[in-house]
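First to last, the sequence lines map onto chains A and B. For the first sequence, our numbering gives the first residue as 35, with consecutive numbering after it. For the second sequence, our numbering gives the first residue as 757, with consecutive numbering after it. Note that the Cβ used here is the ideal one computed from N, Cα and C, for glycine as well. A quick note: this is a predicted structure, and the numbers were derived from the prediction, not measured. Working notes, beginning with the structure itself.
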Amino acid sequence: MNTPPPLHTEPNRSPFVIEPMETPVTFLSVIENLLKKPGRLLHECTQSGPDVPWRLGLTALACLAIFGLLLGTFSGGVQLWAAPLKVSLGMGTALLICLPSLYVFSALGGIDARLGQITVLLLLMAGLTGLLLVGFAPVAWVFSQSTDSIGFMGFLTLTFWLISLGFGAKLLFKAADGLQAGSRGYLSLWWSIFLVVTLQMSTSLRPIIGTADTLLPTEKRFFIEHWMDTMSLTADAR
Amino acid sequence: MEWLEPQRDHSVTRSLVLCLSAGCSLYGFSIGLWRAPTQGLFVAMKMPALIALTLTVNGLLNGMLAVLLESGLSFRQTLKAQLMSFALFGLIVGSLSPIVIAMVLDAPPADSPEATSWYPVFLLTHTAIIAFAGIVANYKLLRLLQAFSRNQRTGWMTLIAWLAGNLFVGAQLSYNLRPFFGNPKLPVQFLRPDPFDGNFYEAVWKLTLGLFPDSPSTTGLWSLLIVLTLAFMVSVRFIVSKLQTPNPHHP
Chain A
35 MNTPPPLHTE
45 PNRSPFVIEP
55 METPVTFLSV
65 IENLLKKPGR
75 LLHECTQSGP
85 DVPWRLGLTA
95 LACLAIFGLL
105 LGTFSGGVQL
115 WAAPLKVSLG
125 MGTALLICLP
135 SLYVFSALGG
145 IDARLGQITV
155 LLLLMAGLTG
165 LLLVGFAPVA
175 WVFSQSTDSI
185 GFMGFLTLTF
195 WLISLGFGAK
205 LLFKAADGLQ
215 AGSRGYLSLW
225 WSIFLVVTLQ
235 MSTSLRPIIG
245 TADTLLPTEK
255 RFFIEHWMDT
265 MSLTADAR
Chain B
757 MEWLEPQRDH
767 SVTRSLVLCL
777 SAGCSLYGFS
787 IGLWRAPTQG
797 LFVAMKMPAL
807 IALTLTVNGL
817 LNGMLAVLLE
827 SGLSFRQTLK
837 AQLMSFALFG
847 LIVGSLSPIV
857 IAMVLDAPPA
867 DSPEATSWYP
877 VFLLTHTAII
887 AFAGIVANYK
897 LLRLLQAFSR
907 NQRTGWMTLI
917 AWLAGNLFVG
927 AQLSYNLRPF
937 FGNPKLPVQF
947 LRPDPFDGNF
957 YEAVWKLTLG
967 LFPDSPSTTG
977 LWSLLIVLTL
987 AFMVSVRFIV
997 SKLQTPNPHH
1007 P
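Laid out in structure tokens, this is it:
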């Protein structure tokens, strides 16, 4: 009698294989490999010219801008161009200011890589985060057209941001394993710092959702304080 | 699982779409019929549209999640697998529609005073039918995912991710496409005049607040929501960790 093979109970953990790309470098092949075989992109970046890093960076920026545009439809008007600009530039700034610490922390974690390779790791993370945010964009649009509540939209955006960045972190950790990292502790700490930086960036560049008299804030605030105030205002409005 | 293979022709997809549309339309008709036959026709059009819109809005995300969670499914296979699940749902609810239609014909009109006692009966019947069809359809989808990925945990993770997204968006879209059941005090309409005014979750929140009119603030409710979310996350984590424990009966 034929019996089906037993199902595995251990998770499918495909190793991060650093190998050459099988197809020519195009935007489409970069996106496909980013989702399926990110190790190939790392290989291309280290072995050939700047084709892949540029495409990765542009893909990330474009995806973030698309997500920003969909957020901008919540308020319309100026936000249609301001929100995509703020989301993409805000993330770009966060990546830039966190790059030195990633290099140091990854070295502490036992990764023997040059700054260029670490930059590519960061771009891989940003690219995947951006792609997932584009996946969430239609959902964000449906809600942006259905609600007037800034608190609700903020909560929804934060949830999408955390999920996408979580997948980005997973990719970063897998890549670190592929580069023979000794421990994930330092990278986890770096990711927590990066998360806080992006959250603070969203407050420093406010409003991204909703409107204000000025394009950028006139008052400096910590993101938790800002969120608490927004939630209180939303609750009072009811 | 040959029907999931990419080289297969489109006849499988066509059959799945046909089952889904026919089953959901018939069931939609039975839902709206109690309010009025016209309402039945409207809901017969809206039910398949609701599923199609949910799959469209979440299509890109579900495809990416399938790849990232290492289910082994491509974007096209993701769509086919979800169509299979919804087609099964459609077949089940469609097959039960004649019974619901018979119930409607046996019940007093929705705007009559006697209808009050029938309302909970219909509500419970529809809840039971949808829950049963939903559980069976998702169980089959889970088995498919587990067989395809050859991994229990991956199957569960992919199903939970898809389900969470589809339920989240589906609930909102059903709010936009209301009415389905049809309030007897409101006219029969395809859509309400303000379909994009408000959202499902705010409506639920307002209803919940209405249950506690004496509450001095919403702090208690926020706390309750956070506790429930944490409890849900712990439960999911527990299920996943159980699945990771090796089964002693398997060699």
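Where residue i and residue j are concerned, what is the direct C-alpha to C-alpha distance, given to the nearest angstrom?
i: Leu123/A; j: Gly143/A; result: 29 Å
i: Ala917/B; j: Phe924/B; result: 11 Å
i: Leu162/A; j: Leu879/B; result: 43 Å
i: Val944/B; j: Gly938/B; result: 7 Å
i: Phe275/A; j: Thr810/B; result: Residue 275/A lies beyond the residue range present for chain A, which begins at 35 and ends at 272; the question has no answer from this structure.
i: Thr237/A; j: Thr964/B; result: 30 Å
i: Leu919/B; j: Pro84/A; result: 40 Å
i: Gln928/B; j: Tyr957/B; result: 8 Å
i: Ile787/B; j: Pro876/B; result: 14 Å
i: Val231/A; j: Ala800/B; result: 49 Å
i: His1006/B; j: Gln908/B; result: Residue placement at His1006/B is poorly supported in this model, since its pLDDT is 42, which falls under 50; the coordinates are not used for a value here.
i: Ala210/A; j: His77/A; result: 14 Å
i: Pro1004/B; j: Leu901/B; result: Residue placement at Pro1004/B is flagged as unreliable, the pLDDT there being 45, under the threshold of 50; the coordinate-derived value follows with that caveat. Near 23 Å, if we compare the C-alpha coordinates of Leu901/B and Pro1004/B.
i: Ser82/A; j: Gln151/A; result: 12 Å
i: Asp862/B; j: Thr812/B; result: 38 Å
i: Trp175/A; j: Arg906/B; result: 36 Å
i: Cys775/B; j: Gln833/B; result: 18 Å
i: His882/B; j: Ser868/B; result: 20 Å
i: Ala99/A; j: Leu250/A; result: 18 Å
i: Leu133/A; j: Ser140/A; result: 10 Å
i: Arg148/A; j: Asn67/A; result: 22 Å
i: Met803/B; j: Leu835/B; result: 18 Å
i: Ser851/B; j: Ala884/B; result: 14 Å
i: Glu53/A; j: Ser135/A; result: 27 Å
i: Val1017/B; j: Glu826/B; result: Within the shown structure, residues of chain B are numbered from 757 to 1007, placing residue 1017/B beyond reach of any answer.
For the alpha helix (DSSP H) holding residue i, just list the boundary residues, first then last.
i: Thr252/A; result: Segment: none, Thr252/A is in no alpha helix (DSSP H) and carries neither H nor E.
i: Phe225/A; result: The question names Phe, but residue 225/A is Trp in the sequence shown. Per DSSP, Trp225/A belongs to the alpha helix (DSSP H) from 219 to 238.
i: Ser781/B; result: 767 to 789
i: Pro118/A; result: 113 to 142
i: Lys89/A; result: Per the sequence shown, residue 89/A should be read as Arg rather than Lys. Start and end: 85 to 106.
i: Leu211/A; result: In the sequence on display, residue 211/A carries Asp and not Leu. From DSSP, the alpha helix (DSSP H) with Asp211/A extends over 184 to 212.
i: Val799/B; result: 793 to 824
i: Ser178/A; result: 149 to 178
i: Gln81/A; result: 72 to 81
Note to self: Three Cβ pairs or more, each shorter than 8 Å: is that satisfied between the region 82 to 98 of chain A and the region 107 to 114 of chain A?
What the structure shows: These segments do not touch.
Check: When the Cβ atoms of the region 162 to 181 of chain A are set against those of the region 814 to 830 of chain B, are three or more pairs found closer than 8 Å?
Finding: A contact is defined here as three or more CB-CB pairs under 8 Å, and the region 162 to 181 of chain A meets this definition with respect to the region 814 to 830 of chain B.
Notebook entry, point to check: Along the chain, which unbroken stretches of the alpha helix (DSSP H) at least 4 residues long are found entirely within the region 836 to 884 of chain B?
Noted result: You should have found no qualifying run.
Notebook entry, point to check: Are the region 845 to 856 of chain B and the region 889 to 905 of chain B touching, with three or more C-beta to C-beta distances below 8 Å?
Noted result: Taking one beta carbon from each stretch, the region 845 to 856 of chain B and the region 889 to 905 of chain B have 3 or more pairs nearer than 8 Å; the two touch.
Margin query: With three or more C-beta pairs closer than 8 Å as the rule, is the region 72 to 89 of chain A touching the region 181 to 190 of chain A?
Written below: Contact between the region 181 to 190 of chain A and the region 72 to 89 of chain A is absent: fewer than 3 CB-CB pairs across the two stretches fall below 8 Å.
Checklist line | Uninterrupted alpha helix (DSSP H) stretches inside the region 914 to 987 of chain B (no shorter than 4 residues) | finding: The region 914 to 987 of chain B contains these whole alpha helix (DSSP H) runs: 956 to 967.
Notebook entry, point to check: Does the count of Cβ pairs from the region 114 to 129 of chain A and the region 191 to 203 of chain A closer than 8 Å reach three?
Noted result: Segments in contact, no.
Check: Three or more beta-carbon pairs under 8 Å between the region 217 to 224 of chain A and the region 152 to 159 of chain A, yes or no?
Finding: These segments do not touch.
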